[in-house]
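Quick notes on the structure that follows.
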Amino acid sequence: MNNATNEVQVLPRYEPPSRCEQHYLYFCYDPYTDIYKILRTMAFRKKPDLTTLSMRYSIFTLGSHTWTDFDHAVLLQYGKSRGLCTDGILYLNKFRDVGGRHVMAMFSVQSNTLEVVCYPNGLDESRYDECHPVEVKGSLAIIDINFVREEGISLCLKQEGSDGSSWLKQKIEYPAG
Numbered sequence: 001m002n003n004a005t006n007e008v009q010v011l012p013r014y015e016p017p018s019r020c021e022q023h024y025l026y027f028c029y030d031p032y033t034d035i036y037k038i039l040r041t042m043a044f045r046k047k048p049d050l051t052t053l054s055m056r057y058s059i060f061t062l063g064s065h066t067w068t069d070f071d072h073a074v075l076l077q078y079g080k081s082r083g084l085c086t087d088g089i090l091y092l093n094k095f096r097d098v099g100g101r102h103v104m105a106m107f108s109v110q111s112n113t114l115e116v117v118c119y120p121n122g123l124d125e126s127r128y129d130e131c132h133p134v135e136v137k138g139s140l141a142i143i144d145i146n147f148v149r150e151e152g153i154s155l156c157l158k159q160e161g162s163d164g165s166s167w168l169k170q171k172i173e174y175p176a177g
């Protein structure tokens, strides 16, 4: 439901296949094209070992009548993710690439592409599951929700135009007193 217009759009049914273990929906918007989309991620166990989760993705564009599958995405292993959509890009954390590295997924609403963003260097890998994408002044930032120090909060800000390999570490200090 669009609260601004009181319009309701019912999505076409899209039953995940029976062997799908997890599926999530993420709402995203591109302000440049004024397009709203829903990204569906589905995780499956790979055969023969059944220990690795593989991913499948589909997209629904508001105003259309069908879900569209897309296979040109990077290969990622899945983890339950929190999403942040800013400036036409949907960021999802808690993924792993095929090499086992912890990464974030970056979905472009405009081009329907899914790419990888690496976490900042020096960020303890054991903390990745506690890190969440947040928006700071229109840019992606990473904050560790369970690692807030008494003197302040540490943020890692993604540099503009960066593929995710360039981060600026910032500290937000609490006011004295």
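With this note's numbering applied, the sequence shown corresponds to residues 1 to 177, in that order. Just so it is clear, CB atoms sit at the ideal spot from N, CA and C, and this is done for glycine as well. A quick note: this is a predicted structure, and the numbers were derived from the prediction, not measured.
Within its own chain, the residues whose Cβ lies closer than 6 Å to the Cβ of V109, once the five positions on either side in sequence are excluded, are C28, D30, K37 and G88, listed in chain order. As DSSP reads the structure, K37 sits in a beta bridge with C28 and T61.
In the DSSP annotation of this structure, the continuous segment of the beta strand (DSSP E) that includes P133 starts and ends at C131 to V136. Beyond the five residues adjoining it in sequence on each side, W167 comes within less than 7 Å, by CB distance, of P120, C156, L157, K158 and Q159 in the same chain, given in chain order.
Rounded to the nearest angstrom, the gap between the Cα atoms of F107 and L25 is 13 Å. Assignment of beta-bridge partners to E115 by DSSP yields M106.
Here T5 is exposed, its C-beta having fewer than 16 other C-beta atoms within 10 Å.
Here F70 is exposed, its C-beta having fewer than 16 other C-beta atoms within 10 Å.
Close CB contacts of G100 within its chain, under the 7 Å cut and outside five residues either way in sequence, are absent. Residue pairing of D97 in beta bridges, as defined by DSSP: L76. Taking 8 Å as the upper bound for CB-CB distance, T61 and E135 are not in contact here, some 23 Å apart. If you compare the alpha carbons of G83, R45 and T41 with that of W67, the shortest gap goes to T41.
Taking C-alpha positions only, G138 is separated from G83 by approximately 15 Å.
For T33, the CB contacts under 7 Å within the same chain, skipping 5 residues up- and downstream, are Q110 in chain order.
Just so you know, the alpha carbons of G152 and E173 end up roughly 4 Å apart.
Residue burial is scored here from C-beta neighbours: L140 has at least 16 other C-beta atoms within 10 angstroms and is therefore classed as buried. In this structure, DSSP gives E15 a state outside helix and strand, which the three-state scheme calls coil.
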